[in-house]
Structure formats: C-alpha cells, structure tokens
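With UniProt numbering applied, the sequence shown covers 1 to 344. Even glycine gets a Cβ: it sits at the ideal position worked out from N, Cα and C.
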Amino acid sequence: GFFRRSVRKRHTYVCRFNHNCDVNKNHRNSCRSCRLRKCIEAGMRTEAIQNERDAIGKRKKNESDEENTLLQVLLRSESLCQQLRDSVIKSTEQIRTILIVICDTGLQRLTSSRSANDQQTGLATLDDVVKSFHQQLALLVEWAKTLPQFASLTLDDQASLLKANAAQLIVLGVAYRSTHCDDAICLANDTFVTRRHAMSVGDMKYFSAVAGRIIDEVVSPMKQLGIDKSEYVTLKAILFFNPGMLVSFTLCRDVRAKSVVEEARLSSVRALQSRCENEECRSSLLLLLLPSIHSIAQQLIENVELASIFCLISVDALMQELILHDRPSTIMQQLKNPFPHQNS
Numbered sequence: 001g002f003f004r005r006s007v008r009k010r011h012t013y014v015c016r017f018n019h020n021c022d023v024n025k026n027h028r029n030s031c032r033s034c035r036l037r038k039c040i041e042a043g044m045r046t047e048a049i050q051n052e053r054d055a056i057g058k059r060k061k062n063e064s065d066e067e068n069t070l071l072q073v074l075l076r077s078e079s080l081c082q083q084l085r086d087s088v089i090k091s092t093e094q095i096r097t098i099l100i101v102i103c104d105t106g107l108q109r110l111t112s113s114r115s116a117n118d119q120q121t122g123l124a125t126l127d128d129v130v131k132s133f134h135q136q137l138a139l140l141v142e143w144a145k146t147l148p149q150f151a152s153l154t155l156d157d158q159a160s161l162l163k164a165n166a167a168q169l170i171v172l173g174v175a176y177r178s179t180h181c182d183d184a185i186c187l188a189n190d191t192f193v194t195r196r197h198a199m200s201v202g203d204m205k206y207f208s209a210v211a212g213r214i215i216d217e218v219v220s221p222m223k224q225l226g227i228d229k230s231e232y233v234t235l236k237a238i239l240f241f242n243p244g245m246l247v248s249f250t251l252c253r254d255v256r257a258k259s260v261v262e263e264a265r266l267s268s269v270r271a272l273q274s275r276c277e278n279e280e281c282r283s284s285l286l287l288l289l290l291p292s293i294h295s296i297a298q299q300l301i302e303n304v305e306l307a308s309i310f311c312l313i314s315v316d317a318l319m320q321e322l323i324l325h326d327r328p329s330t331i332m333q334q335l336k337n338p339f340p341h342q343n344s
C-alpha cells in the first residue's frame with residue numbers, strides 16, 4: 001500500500017539521516033525515504049502500479065480533488081510563510097512593509113541536521129524566546145490570510161479564530177521545526193533551547209517545563225512517526241479551524257461562519273486521512289498529538305502571564321491579544337498589516 005500510494009501520488013520523501021535508516025517491521029514509518037528506497041531495491045516496479053481506478057474505497061473523484069486542492073493550498077501557504085521567515089523575519093522590529101516573491105521552484109525543505117555544537121552556539125536568551133513568539137504570531141496572521149476559508153470571514157470572526165489557538169499553533173510550529181534537533185527545541189529566530197540550558201539558566205525557568213514537554217510529548221512522537229510536511233500542514237489546519245469554546249459569540253451565532261469553519265476542519269481531517277491511507281492508525285496517531293499540544297499551550301500562556309507580571313519580559317500588543325487575550329482593537333490592525341513598526 002505504501003509503495004503504490006507513493007508512486008501513484010508522486011510523493012517525494014527526504015531522509016534526514018544520510019539514507020542509513022534501519023527500515024524493519026517495527027520501525028517502517030521512521031523514514032519514508034529509506035522505506036521507498038528499500039521497496040525499489042527489493043524489486044518493486046513503479047511501472048506496475050495501476051491507475052486510480054483500483055484505489056481502495058473508490059472515493060468520488062470530486063472528493064479526492066477537493067482534498068488534493070486543499071493540501072496544495074496549505075503547502076503553498078506554508079511555503080510563503082517560510083520564505084517570509086527566511087528572508088525578513090529576523091529583523092521584524094525594524095520592518096514597515098514586506099515584499100514577498102514566491103519562486104517557481106518553491107520552498108527548499110529544512111532538512112539539514114544541526115550538530116550539538118550548532119545548538120550550543122545558538123542558545124536562546126529569554127529575550128530571544130519572547131521575540132520568537134512575536135515572530136510566530138506575525139507569521140500566523142500572514143498564513144491565515146492566505147487561506148480562502150479564513151478570508152471569507154468577517155474581521156471579528158477572523159480575530160476570534162486567531163485568538164482561539166494562537167498558543168497551540170506556536171507549540172506545533174516549534175515542535176515540527178525541532179524534529180531535527182537533539183534534546184532541544186528550535187525557535188522561529190533559529191535560536192535553541194536545550195533541556196539542560198532551560199533548567200540551568202535562572203530567567204528561563206518559566207519556560208523550562210514547557211520546553212521539556214514539547215520535546216517529550218510532541219517532538220519525540222513526531223520523530224517516531226517520521227511526520228512529513230504535508231501531514232504537518234494538515235494538522236496545523238485542523239488545529240486552526242477547531243476553535244473550541246474560545247470563539248466569540250459572533251462566530252457561534254453566525255450560521256454561515258460556523259459552517260465555513262466546520263467544513264474547513266472536516267476537509268482538513270479528510271486530507272490528513274487521505275495522506276495516511278493504507279497506513280494503519282497513522283492519522284489517528286498524528287491526531288493524538290493535539291491534546292498534548294493543547295495542554296502545553298495552556299501552560300505556556302500561564303508562564304507568559306507570570307513572567308509578564310514579574311516584569312521579566314516585555315509583552316507587545318500582538319502577544320497581549322493573541323496569547324493573553326487582551327487589547328481587543330490590536331488584532332484588527334494586525335489583520336490589515338501583520339508587521340507594524342515597533343516603537344519600543
């Protein structure tokens with residue numbers, strides 16, 4: 001099933017460990033690149049794969065097209081934001097406007113492994129942590145604006161969605177970016193928080209437990225599953241369009257808006273299941289990451305509040321609204337321009 005699906009859908013996999021992964025019955029999902037290579041070496045022929053007519057379940061063509069279209073939109077949105085981060089995010093505080101150019105070749109995947117020395121030389125300070133939160137929130141706004149479902153909502157409903165899961169999307173993004181790290185997390189500004197560093201530096205104590213939980217409860221399972229970019233972007237969409245009880249009363253009362261959000265969530269779930277078809281329980285294992293992400297995000301919010309109360313960090317307007325749910329007028333301006341000039 002894996003070989004046929006990979007060939008039929010023309011999936012491209014990248015090995016993060018120099019094509020030396022041990023592929024066996026118990027660890028066959030740890031690296032899809034090596035798994036596909038082993039299939040070919042075993043004599044499986046790509047030309048023997050039949051067309052979609054024998055696809056399991058014989059799903060309707062329009063449903064399959066919808067899932068593929070959604071996945072392409074999500075991948076393009078993620079690539080746009082990654083280009084933005086790579087080109088300008090490190091100087092966010094000095095930026096008034098940003099010009100984004102999407103190259104035809106697309107985004108180059110972040111597949112290069114980082115050594116322990118790289119992680120040590122780029123250890124994050126508490127200020128780096130706070131700046132990375134701001135950067136991820138700014139990127140979140142820009143990412144959301146590229147989604148057709150989000151763009152069809154009113155500004156009030158857009159703000160509700162952003163506030164509902166901003167902290168969870170920070171946790172998910174940090175975890176996925178850290179799958180190449182060794183007992184550390186990689187922040188949006190390419191600085192690192194190792195478990196030992198977070199526990200030993202006094203002003204990092206508010207985030208040491210969060211860093212450890214991200215590593216143990218999210219990064220480690222992602223590594224074991226060998227999560228790829230397509231699965232990551234669908235998980236991100238599922239999380240984003242699942243606002244729970246934090247949505248405004250406006251969104252709850254607006255039947256059309258509620259329908260848009262629910263359909264976007266269901267389409268994202270179907271896209272994930274389609275991506276994981278023929279791999280038993282894989283989509284379920286990926287979805288089981290979400291409760292841990294939610295719990296860690298709640299702890300992150302509490303830690304930001306405490307650090308702010310004790311004046312250990314300076315929380316800007318964007319963080320005030322999306323993380324601490326304060327300053328209700330700020331997000332409207334951010335939706336129009338996610339990178340305003342910072343006076344402080």
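- In the three-state DSSP reduction, LEU312 falls in the coil class, being neither helix nor strand.
- Around the CB of ARG35, 16 or more other CB atoms lie within 10 Å, so the residue is classed as buried.
- Counting only residues of its own chain and dropping the five nearest sequence neighbours on each side, VAL315 has a CB closer than 6 Å to the CB of SER308.
- In the three-state reduction of the DSSP assignment, PHE192 falls in the strand class.
- With contacts defined as CB atoms closer than 8 Å, ALA188 and GLN224 fail to qualify as a contacting pair.
- Inter-residue distance for LEU139 and LEU84 is about 8 Å (C-alpha atoms, whole angstroms).
- Going by DSSP, ALA184 is part of the beta strand (DSSP E) stretching over 184-186.
- The secondary-structure analysis by DSSP pairs LEU123 across a beta bridge with PHE192.
- By the Cβ-count criterion, VAL269 is buried, with 16 or more other Cβ atoms from all chains shown falling within 10 Å of its own Cβ.
- Within a 10 Å sphere around the beta-carbon of GLN298 sit fewer than 16 other beta-carbons, which makes this residue exposed.
- For PHE3, the uninterrupted alpha helix (DSSP H) segment begins and ends at 2-8.
- Of the candidates ARG256, LEU153, LEU123, LEU123 places its Cα closest to the Cα of ARG196.
- The alpha-carbon separation between GLU217 and ILE238 amounts to approximately 19 Å.
- Pairing VAL129 with VAL193 gives a Cβ-Cβ distance under 8 Å.
- The region 167-176 makes no contact with the region 261-277, as fewer than three CB pairs between them are under 8 Å.
- VAL260 sits close to GLN149, with the two beta carbons spaced by under 8 Å.
- Taking C-beta atoms as the reference points, ASN29 and ARG282 count as a pair closer than 8 Å.
- Rounded to whole angstroms, VAL141 and LEU162 show a C-alpha spacing of 7 Å.
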